[in-house]
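K.L.:
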Amino acid sequence: MTDFIDMYLRAADEAAMTGALLTAGCLQDETSGELYHPQASLLMIGIIESHAVMEGTEVQEWRQAPGYHANVRTTEQALAAALDTWRIYPATPSYAWAEGGAL
1 MTDFIDMYLR
11 AADEAAMTGA
21 LLTAGCLQDE
31 TSGELYHPQA
41 SLLMIGIIES
51 HAVMEGTEVQ
61 EWRQAPGYHA
71 NVRTTEQALA
81 AALDTWRIYP
91 ATPSYAWAEG
101 GAL
């Protein structure tokens, strides 16, 4: 069974996230502008919005989580180490990789 390294990343904005991913070794498609890495799956999430919760009750008010978000799944220790500065550990991630999935 493959040991995946699943990472939740947050940067100040889209430009900072793009710069972090490129610096870590991700590539950018010349035609589409999409970021990718040959040994990773990358999900650019962007800004996360959710309903506010007051006293245990969900209310119809949207709030934004701070920063610009992306998820990375890899088996490459070097890539994980290069992205560690932007890594966060959310208690309940808004987006998560499926268990036992592939790259």
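Here the sequence shown is numbered in the UniProt record's numbering, starting from 1 and rising by one per residue. C-beta: ideal position from N, C-alpha, C; glycine also. Source: prediction; values computed, not measured.
1. In this structure, how does DSSP classify residue 64 when only helix, strand and coil are distinguished?
2. Less than 8 Å between the CB atoms is what I'm expecting for residue 147 and residue 86, so what's the real figure, rounded?
3. Start and end of the beta strand (DSSP E) containing residue 40?
4. Closest by CA to residue 14, which one among 31, 78 and 35?
5. Is the distance from the Cβ of residue 5 to the Cβ of residue 80 below 7 Å?
6. With DSSP as the reference, please indicate the residues paired to residue 13 in a beta bridge.
7. So the alpha helix (DSSP H) residue 24 belongs to, where does it begin and stop?
8. From residue 92 to residue 99, what distance separates their C-alpha atoms?
P.N.:
Per the coordinate set shown:
1. strand
2. No information on residue 147 is available, as it lies outside the stretch 1 to 103 that the chain covers here.
3. Where residue 40 is concerned, the enclosing beta strand (DSSP E) stretches over 40 to 46.
4. If you compare the alpha carbons of 31, 78 and 35 with that of residue 14, the shortest gap goes to 35.
5. yes
6. According to DSSP, residue 13 bridges with nothing at all.
7. That residue, residue 24, is in no alpha helix (DSSP H); it is neither H nor E in DSSP.
8. 15 Å
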